[in-house]
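Trainee: Read in order, the letters of the sequence shown correspond to residues 1 to 206 in our numbering. Note that the Cβ used here is the ideal one computed from N, Cα and C, for glycine as well.
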Amino acid sequence: MLDAGARRIIDPPLNMLGRHVARTGIGANAVTLAGLALGLVAAGLIYADRPWLALLFLAISRLADGLDGAVARATAKTDFGGYLDIAADFLFYGAVPLAFVLNDPAANGAAGAFLLASFYFNATSFLGYAILAEKHDMETAAQGSKSLYFSNGILEGTETIAFFVLLCLLPGLFAPLAWVFGALCYATALLRIAAAHRIFTTTESP
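1. With 16 other CB atoms within 10 Å as the buried threshold, where does Phe80 fall?
2. With a CB to CB cut of under 6 Å and the five nearest residues on each side skipped, what residues in its chain are close to Lys146?
3. Return the chain-ordered list of same chain residues with a C-beta closer than 6 Å to the C-beta of Gly182, the five sequence neighbours on each side being excluded.
4. Do you know whose CA, among Val96, Leu190, Leu67, Thr78, lies nearest Asn15's CA?
5. Going by C-alpha distance, which of Leu173, Ala28, Leu166 is nearest Leu84?
6. Is Phe174 near Ala133, with beta carbons less than 8 Å apart?
7. What three-state label does DSSP hand Met16 in the structure shown?
8. Gly18 and Ala64 - do their beta-carbons sit closer together than 8 Å?
9. Give the DSSP-derived three-state secondary structure of Leu155 in the structure shown.
10. Within 10 Å of its beta-carbon, does Val178 have 16 or more other beta-carbons around it, so buried, or fewer, so exposed?
11. Specify the secondary structure class of Ala42 as computed by DSSP and reduced to three states.
12. Would you mind working out which of Leu55, Phe100, Tyr120 sits nearest Ala162, comparing C-alpha positions?
13. Restricting to Cα atoms, I'd like to know which of Leu166, His197, Phe200 is closest to Val96.
14. As a quick exercise: from Ala196, Ala123, Ala107, Ala88, pick the residue whose alpha carbon is nearest that of Ala34.
15. Considering Cα atoms alone, identify which of Gly82, Tyr120, Leu58, Thr75 is closest to Thr158.
16. Can you list, in chain order, the residues of its chain with a C-beta nearer than 7 Å to that of Tyr93? Leave out the 5 residues immediately preceding and following it.
17. Which residues bound the alpha helix (DSSP H) around Leu184?
18. Starting from the C-beta of Ile199, find all residues in its chain whose C-beta is less than 7 Å away, skip the five residues before and the five after it, and write them out in chain order.
19. Would you decide whether Pro171 is buried or exposed? Buried here means 16 or more other CB atoms lie within 10 Å of its CB.
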């Protein structure tokens, strides 16, 4: 819901930084993998019961996640780069809740499982919608120039990162926060499916 507005704010400085990085010879895929590595370090720190330190790595990781696209735009965008970026994002999104569950399975297990299942469902609705949008030659740049069609929803990347920051600031509230955010993820996926039904349902000729 907030991604389009956030992109208008962060894209200009990211594009400028991306041009500088591109001139050093560092490729977009390398930035993607660095961002993923930093995100996994953040998850490891959460597991090690150091969520405040994890915030630093989480922030740098998400900076890299935005910067890889800027580097690609300054050089050459590739389909594989977009594929690698979304795969890295989903791994990071799953690693953070998993770290909270492993840190305290008794307190966080049920809520974490609910949250991860909601991520799985939401990701499926997102990727399925992108496939249908590609088939119907749909395009959008509302959330920046992307290799995949990014359909909007109640919860998007901006809200998810804000949620992860909140979890690191208030780790003792993981369970109630996870139940609420997971429910909103399910709602996002269901609304996306309803939109897909409205847009992509066609009657084939006999």
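Mentor: In brief:
1. Here the question's residue 80 lines up with position 80 in the sequence shown. Exposed, since its Cβ has fewer than 16 Cβ neighbours within 10 Å.
2. Reading the sequence shown from its first residue, position 146 is the one you call residue 146. Model confidence at Lys146 stands at a pLDDT of 48, short of 50, so the residue's coordinates are unreliable and nothing is read from them.
3. Mapped onto the sequence shown, residue 182 falls at position 182. Beyond the five residues adjoining it in sequence on each side, Gly182 comes within less than 6 Å, by CB distance, of Phe114, Leu115, Ser118 in the same chain, given in chain order.
4. Working through the sequence shown from its first residue, we reach residue 15 at position 15. Answer by Cα proximity: Leu67.
5. Here residue 84 corresponds to residue number 84 of the sequence shown, with the count starting at 1. It is Ala28.
6. In the sequence shown, counting from the first residue as 1, residue 174 sits at position 174. In the sequence shown, counting from the first residue as 1, residue 133 sits at position 133. Cβ atoms of Phe174 and Ala133: not closer than 8 Å.
7. Taking the first residue of the sequence shown as 1, we reach residue 16 at position 16. The answer is helix: DSSP assigns Met16 an H, G or I state.
8. Walking along the sequence shown from the start, residue 64 turns up at place 64. Walking along the sequence shown from the start, residue 18 turns up at place 18. Against a cut-off of 8 Å, the Cβ pair of Gly18 and Ala64 comes out as no contact.
9. The residue you call residue 155 lines up with position 155 of the sequence shown. Under the three-state reduction of DSSP output, Leu155 falls in the coil class, being neither helix nor strand.
10. Residue 178 sits at position 178 when you count from the first residue of the sequence shown. The residue you asked about is not Val; residue 178 is Ala in the sequence shown. So Ala178 counts as buried.
11. Mapped onto the sequence shown, residue 42 falls at position 42. Of the three classes helix, strand and coil, the one that applies to Ala42 here is helix, per DSSP.
12. By one-based count along the sequence shown, residue 162 stands at place 162. Considering only alpha carbons, the answer is Leu55.
13. Counting from 1 along the sequence shown, the entry for residue 96 is found at position 96. Looking from the CA of Val96, the closest CA among Leu166, His197, Phe200 belongs to Leu166.
14. Your numbering for residue 34 matches position 34 in the sequence shown. Ranked by Cα distance from Ala34, the options Ala196, Ala123, Ala107, Ala88 are led by Ala88.
15. Indexing the sequence shown from 1 puts residue 158 at position 158. Relative to Thr158, the option among Gly82, Tyr120, Leu58, Thr75 whose CA is nearest is Leu58.
16. Position 93 of the sequence shown, counted from the first residue, corresponds to residue 93. The beta carbon of Tyr93 is closer than 7 Å to those of Phe119, Thr160 in its chain, skipping five residues each way along the sequence.
17. Locating residue 184 in the sequence shown gives position 184, where the first residue counts as 1. Here the alpha helix (DSSP H) through Leu184 covers 174-200.
18. Here residue 199 refers to the residue found at position 199 of the sequence shown. Hits under 7 Å: none found.
19. Within the sequence shown, residue 171 is the residue found at index 171, counting from 1. Flag for Pro171 reads buried.
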